[in-house]
Amino acid sequence: MKKLLFASLIVASITQAYELNTQMQEYMNTLKSEAKKQNPNFKEFSYERGEKIFTSEHIGKKGKLISCVTCHTNDLSAKGINKHTAKVIDPLSPSANSERFSDVKNVKKWLRRNFKDVYKRAGSAQEKGDVVTYIIHKK
Ligand code: HEC
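In the numbering used here, the protein residues as written are 16 to 154.
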């Protein structure tokens, strides 16, 4: 029994390697209850839906095909390039950049701007939760 407890503690510490800080957890919970209000069938945020949101191309704000990958690349541990300003972007993954997902205000601001860049509209609560789930857990 003790062994089992020990093993499950190890598993828990591995799966929580990127545990969000309290304000980010609260933000994710808020998104979750909004998503539920908007869609009664909503259960959990989805890595797979987030991946699609992040990698699929759309005619963006500037009238050209663009995706989140265009600026952040498909390797979230690597630096990206802002296609609009040519400035270098630090890695988006919190495992490569500890400042990521530490400040809710900043996260909200960039999700708002970046959804407009790619989707020409704000993201829904479900979409924002899905894409954050993807970015945090992508290996
Ligand atoms: C036109 C280039 C561009 C595109 C396209 C883009 N981003 Fe960004 N993103 C940026 C820049 C610039 C920043 C802010 C600079 C920084 O934080 O390094 C940023 C910051 C972020 C952050 C802030 C994370 C944090 O905690 O600091 C998130 C989350 C994010 N982007 C997600 C996305 C998602 C999701 C998409 C697709 C819907 C996307 N981005 C598309 C340029 C882009």
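Here a beta-carbon is modelled for each residue, glycine too, at the ideal position from N, C-alpha and C.
Start and end residues, alpha helix (DSSP H) containing residue i
{"i": "F130", "result": "119-134"}
{"i": "Y42", "result": "37-53"}
{"i": "D65", "result": "Going by the sequence as given, residue 65 is Gly instead of Asp. Unbroken alpha helix (DSSP H) run through G65: 62-70."}
{"i": "Y33", "result": "Unbroken run through Y33: none, as it is neither H nor E."}
Where residue i falls, given that 16 or more other Cβ within 10 Å makes a residue buried
{"i": "R136", "result": "exposed"}
{"i": "K154", "result": "exposed"}
Check whether residue i and residue j have beta carbons under 9 Å apart
{"i": "C86", "j": "F69", "result": "no"}
Spatially closest choice to residue i from the options, by CA coordinates
{"i": "K98", "options": "K52, T148, D145, N129", "result": "N129"}
{"i": "T100", "options": "Y149, N56, Q40, D132", "result": "D132"}
{"i": "S139", "options": "E41, N44, Q53", "result": "Q53"}
{"i": "S117", "options": "L91, V147, K102, I104", "result": "V147"}
{"i": "T45", "options": "Y62, K94, K143", "result": "K143"}
{"i": "K76", "options": "I151, Y149, Q141, R127", "result": "R127"}
{"i": "S113", "options": "K102, V103, K124, S92", "result": "S92"}
- Between the region 34-41 and the region 108-123, do three or more beta carbon pairs fall short of 8 Å? These segments touch.
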